[in-house]
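**Q**
There are 2 protein chains.
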Amino acid sequence: MAEADDSGVVTAAILVIGDEILSGRTKDKNIGYIAEYLTNVGIDVHEVRVVPDVEDEIVAALNALRDRYDHVFTTGGIGPTHDDITADSVARAFGVPIDVDPRARALLLERIPEDQLNAARLRMARIPEGAELIENSVSKAPGFTIGNVHVMAGVPTIMQAMLDAVAPSLATGRKMLSRSIPTGLKEGDIAAPLGDIQKDFPDVSMGSYPGFEEGVGFTTTLVLRSRDEARLGAAATVVEAMLAELRSGRLVDT
Amino acid sequence: MAEADDSGVVTAAILVIGDEILSGRTKDKNIGYIAEYLTNVGIDVHEVRVVPDVEDEIVAALNALRDRYDHVFTTGGIGPTHDDITADSVARAFGVPIDVDPRARALLLERIPEDQLNAARLRMARIPEGAELIENSVSKAPGFTIGNVHVMAGVPTIMQAMLDAVAPSLATGRKMLSRSIPTGLKEGDIAAPLGDIQKDFPDVSMGSYPGFEEGVGFTTTLVLRSRDEARLGAAATVVEAMLAELRSGRLVDT
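Below is the structure:
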């Protein structure tokens, strides 16, 4: 399991596997959920990829991501049908054998009568050698962790249960703190003074997020993020003062 | 502009740029929209990546994707603030200069009074040399196309307007046709006979999508996809017959 390095930062990537996401038929609900969840426990998501149900693509993306980040979370492709090839792809990426795992088979039997545990359903018990199972409290068929890769279902309710199951075992870092500041101002009026403040606070990331509503026009929310509460507070104070100046019309934007 | 090859397949990737997606603060709504839109006009999305507001990351992902796919669609990072670095990153990826573009500046002036067109807002007129503008019918600040890369806004309403503006100019392929078949059966009962049918129809992709609802349990929808309407129809007929057999209990799953 990856450990936090000296910087206190633990990184992750999300790998979404599935033709149905790429065709637009299914609108992904997992990326945003996992990203928010991991941020809240102190793991920074640095990259997301979505790849099709093609073994070479899954293997290549998984190897690129697991080499680079502390954790990789995959979703999708662990069901019983011919297009569910995630477990086999992960085994190939790690260069380990894969077969029906007695622990996983036993879990399936908690839900599926033995006479219905056909060859297709047994595919859900195929687990790469050396992997630890991830409990599925919804429908039993487990996910698994091998090395720094956590393999989860694509169905959101099941994925969420698996994330709850695996999260407590993860090395996490210093939590990223954030402060959201609605401005009531246009982004183009804030940009220059915000950029100046950003230079004074290189350790506080300052994001500016425009929204647009028909009839209302643009709105801007600033989000400050840092692992240091004191620095975050100091930056927020300076930003709030800048916004007050802007609103009063005293700060002339150039 | 990329042309459809002999296979009639035109490929694309989506590159989402933005820390706010990776932190989970903003839930992406663009990937699913673009994927469905492109599928409907005959362009196959093969890969999606989400990267942070970091120039090296944007450049590396963009170069990997534009080499590999016919089109790349980016979203996010083209506003007026210091964290909007997409246009500069794209220029670097292509190795071309970037500066304020008179055409883009003129568009901004259609919406922004000249005395409010400050240095920050003028950043939205920075366009890499050789790029064509993509019209923004919502708020004027344009996107742009350079080579096979289409750079769009992150705000969904604006991105959607830009996609409408750029789509008619794109080379597209033979449209992927699909047929959705609700089964009323469990995925594990369908898996084996469906796998057999898939082998007989290598040119028709057969996806199986489980849903799970609390209290209801699993439901399964099959989605058949092909560019050949006759083959799609033939495959659907065979699948429907298989499902009828399964429902009647005559087909014994092994």
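Those sequence lines, one after another, are chains A and B.
Per the numbering used here, the very first residue in the first sequence carries number 1; after that it's consecutive.
Per the numbering used here, the very first residue in the second sequence carries number 1001; after that it's consecutive.
Think of the CB as a built atom: it goes at the ideal place given N, C-alpha and C, for glycine as much as any other residue.
Computed from a prediction, not measured in an experiment: that's the story for all the values here.
1. What in chain A is Cβ-close to B/S1208, meaning under 9 Å?
2. Please classify B/A1013: does DSSP put it in a helix, a strand, or coil?
3. Let me know if B/A1235 comes out buried or exposed under the rule of 16 or more other beta-carbons within 10 Å of its beta-carbon.
4. Let me confirm a value: A/S89 is counted as buried when at least 16 other C-beta atoms fall within 10 Å, else exposed. Which label applies?
5. Keeping to the same chain, check which residues put their C-beta closer than 8 Å to that of B/R1105; ignore five residues upstream and five downstream.
6. From B/P1202 to B/R1179, what distance separates their C-alpha atoms?
7. Could you name the residues that DSSP lists as bridge partners for A/S23?
8. Pairs of beta-carbons, one from the segment 28-48 of chain A and one from the segment 1021-1030 of chain B, closer than 8 Å: are there three or more?
9. When you compare only the Cα positions, how much space is there between B/V1155 and A/E187?
10. In the DSSP assignment, find the unbroken beta strand (DSSP E) run with B/G1195 in it and report its ends.
11. So is B/I1031 in contact with chain A if we call contact Cβ pairs under 8 Å?
12. Tell me the DSSP secondary structure of A/I85 in three-state form.
13. Comparing C-alpha positions only, which one of B/I1190, B/V1048, B/T1081 sits nearest to A/D83?
14. To the nearest angstrom, report how far apart B/M1152 and B/A1087 are at their CA atoms.
15. Grouping DSSP H, G and I as helix and E and B as strand, with all else coil, what is A/Y69?
16. What alpha helix (DSSP H) runs, 4 residues minimum, are completely inside the segment 1096-1156 of chain B?
17. Taking only beta-carbon atoms, is B/H1046 less than 8 Å away from chain A?
18. Going along the chain, which residues of its own chain have a beta-carbon closer than 6 Å to the beta-carbon of A/T75, five neighbours each way excluded?
19. Indicate whether at least one CB of chain A lies closer than 8 Å to the CB of B/T1039.
20. Counting contacts by CB-CB distance shorter than 8 Å, is A/N136 in contact with chain B?
21. When you compare the CB of B/E1240 with every CB in chain A, is at least one pair closer than 8 Å?
22. Distance check for B/R1231 and A/A4, CA to CA, integer angstroms please.
23. For a quick check, are the C-beta atoms of A/I146 and A/A165 less than 8 Å apart?
24. Restricting to Cα atoms, I'd like to know which of B/K1140, B/H1046, B/R1111 is closest to B/R1068.
25. Taking A/V50 as part of the beta strand (DSSP E), name the residues at either end of that continuous run.
26. Which residue marks the beginning of the beta strand (DSSP E) containing A/S178, and which one marks its end?
27. Does DSSP put A/R247 in a helix, a strand or coil?
28. How about B/Y1209 and A/T26: are their beta carbons less than 8 Å apart?
29. From what residue to what residue does the beta strand (DSSP E) around A/L170 run?
30. Tell me whether B/R1255 sits in a helix, a strand or coil according to DSSP, three-state version.
31. Would you say B/K1140 faces chain A, with C-beta separation under 8 Å as the test?
32. Kindly indicate which three-state DSSP category B/G1207 falls into: helix, strand or coil?
33. Quick one: what's got a C-beta closer than 6 Å to A/R111's C-beta in the same chain, skipping five residues either side?
34. What does a CB cutoff of less than 7 Å around B/D1099 pick up in its chain, not counting 5 residues either side in sequence?
35. For B/P1102, tell me which candidate among B/P1142, B/L1194, B/E1055 has the shortest Cα-Cα distance.
36. Using DSSP with H/G/I as helix, E/B as strand and the rest coil, what is B/G1217?
**A** Inspection of the coordinates gives the following:
1. Reading the second sequence from its first residue, position 208 is the one you call residue 1208 of chain B. In chain order: G79, P80, T81, H82, D83, D84.
2. As a working note, residue 1013 of chain B is residue 13 in the second sequence. B/A1013: strand per DSSP, three-state reduction.
3. In the second sequence, counting from the first residue as 1, residue 1235 of chain B sits at position 235. By the 16-neighbour rule on beta-carbons within 10 angstroms, B/A1235 is buried.
4. Here residue 89 of chain A corresponds to residue number 89 of the first sequence, with the count starting at 1. It counts as buried.
5. Mapped onto the second sequence, residue 1105 of chain B falls at position 105. Cβ neighbours of B/R1105 beyond the five flanking positions: L1117, L1122, A1125.
6. Here residue 1202 of chain B refers to the residue found at position 202 of the second sequence. Here residue 1179 of chain B refers to the residue found at position 179 of the second sequence. B/R1179 has its alpha-carbon roughly 16 Å from the corresponding atom of B/P1202.
7. For the purposes of this step, residue 23 of chain A is identified with residue 23 of the first sequence, where counting begins at 1. Bridge partners of A/S23 according to DSSP: none are assigned.
8. Output reads yes: the segment 1021-1030 of chain B touches the segment 28-48 of chain A.
9. As a position in the second sequence, residue 1155 of chain B is number 155, starting the count at 1. As a position in the first sequence, residue 187 of chain A is number 187, starting the count at 1. Between B/V1155 and A/E187, the C-alpha separation is close to 13 Å.
10. Stepping through the second sequence from its first residue, residue 1195 of chain B is reached at position 195. Premise fails: B/G1195 lies in the alpha helix (DSSP H), 1187-1200, not in any beta strand (DSSP E).
11. The sequence position of residue 1031 of chain B within the second sequence is 31, counting from 1. Answer yes: the Cβ-Cβ gap between B/I1031 and chain A drops below 8 Å somewhere.
12. Start at 1 with the first residue of the first sequence, and residue 85 of chain A comes out as number 85. Here A/I85 sits in coil by DSSP.
13. To locate residue 83 of chain A, count along the first sequence from 1; it is residue 83. Minimum Cα distance to A/D83 is reached at B/I1190.
14. The count along the second sequence starts at 1 and reaches residue 1152 of chain B at position 152. The count along the second sequence starts at 1 and reaches residue 1087 of chain B at position 87. Distance between the alpha carbons of B/M1152 and B/A1087 is about 10 Å.
15. Along the first sequence, one-based indexing puts residue 69 of chain A at 69. DSSP, read as helix, strand or coil, puts A/Y69 in coil.
16. Note on the segment 1096-1156 of chain B: whole alpha helix (DSSP H) runs with a minimum of 4 residues are 1102-1109, 1119-1122, in chain order.
17. Position 46 of the second sequence, counting from 1, holds the residue named residue 1046 of chain B. The Cβ of B/H1046 sits closer than 8 Å to at least one Cβ of chain A.
18. Residue 75 of chain A sits at position 75 when you count from the first residue of the first sequence. Shown here for A/T75: same chain residues with a beta carbon closer than 6 Å to its own, the five before and five after excluded, namely V16, N30, M152, G154, M159 in chain order.
19. Numbered from its first residue, the second sequence carries residue 1039 of chain B at position 39. So yes, B/T1039 belongs to the interface.
20. Here the question's residue 136 of chain A lines up with position 136 in the first sequence. Judged by the 8 Å Cβ criterion, A/N136 is not in contact with chain B.
21. Your numbering for residue 1240 of chain B matches position 240 in the second sequence. Chain A contact via Cβ: absent.
22. To locate residue 4 of chain A, count along the first sequence from 1; it is residue 4. To locate residue 1231 of chain B, count along the second sequence from 1; it is residue 231. Confidence in A/A4 is poor, its pLDDT being 48 and thus under 50, which makes the residue's placement unreliable; the coordinate value appears in the next sentence. For A/A4 and B/R1231, the gap between their C-alpha atoms comes out near 53 Å.
23. By 1-based counting over the first sequence, the position of residue 146 of chain A is 146. By 1-based counting over the first sequence, the position of residue 165 of chain A is 165. Taking 8 Å as the Cβ cut-off, A/I146 and A/A165 do not qualify as a contacting pair.
24. In the second sequence, the residue the question calls residue 1068 of chain B occupies position 68. Per the C-alpha coordinates, the member of B/K1140, B/H1046, B/R1111 positioned closest to B/R1068 is B/H1046.
25. As a first step, residue 50 of chain A must be located in the first sequence, where it is residue number 50. For A/V50, the enclosing beta strand (DSSP E) starts and ends at 44-51.
26. The sequence position of residue 178 of chain A within the first sequence is 178, counting from 1. Run containing A/S178: 177-182, per the beta strand (DSSP E) assignment.
27. The residue given as residue 247 of chain A occupies position 247 in the first sequence. In this structure, DSSP gives A/R247 a helical state, which the three-state scheme calls helix.
28. For the purposes of this step, residue 1209 of chain B is taken as the residue at position 209 of the second sequence. For the purposes of this step, residue 26 of chain A is taken as the residue at position 26 of the first sequence. Contact flag set, yes.
29. If you number the first sequence from 1, residue 170 of chain A lands on position 170. Run containing A/L170: none; DSSP gives neither H nor E here.
30. An answer regarding residue 1255 of chain B cannot be provided, because it is not within the stretch 1001 to 1254 covered by chain B.
31. On the second sequence, position 140 is the one that residue 1140 of chain B refers to. Not one chain A Cβ lies under 8 Å of B/K1140.
32. Translated into positions along the second sequence, residue 1207 of chain B becomes position 207. Collapsing the DSSP output to three states places B/G1207 in a strand.
33. Position 111 of the first sequence holds residue 111 of chain A. Spatial neighbours of A/R111 in its own chain (CB-CB distance under 6 Å, excluding positions within 5 residues in sequence) are listed in chain order as K140.
34. Counting from one through the second sequence, the residue named residue 1099 of chain B turns up at place 99. Hits under 7 Å: R1126.
35. Looking up residue 1102 of chain B in the second sequence gives position 102. Taking the Cα of B/P1102 as reference, the smallest distance to any Cα among B/P1142, B/L1194, B/E1055 is reached at B/P1142.
36. Locating residue 1217 of chain B in the second sequence gives position 217, where the first residue counts as 1. Collapsing the DSSP output to three states places B/G1217 in a strand.
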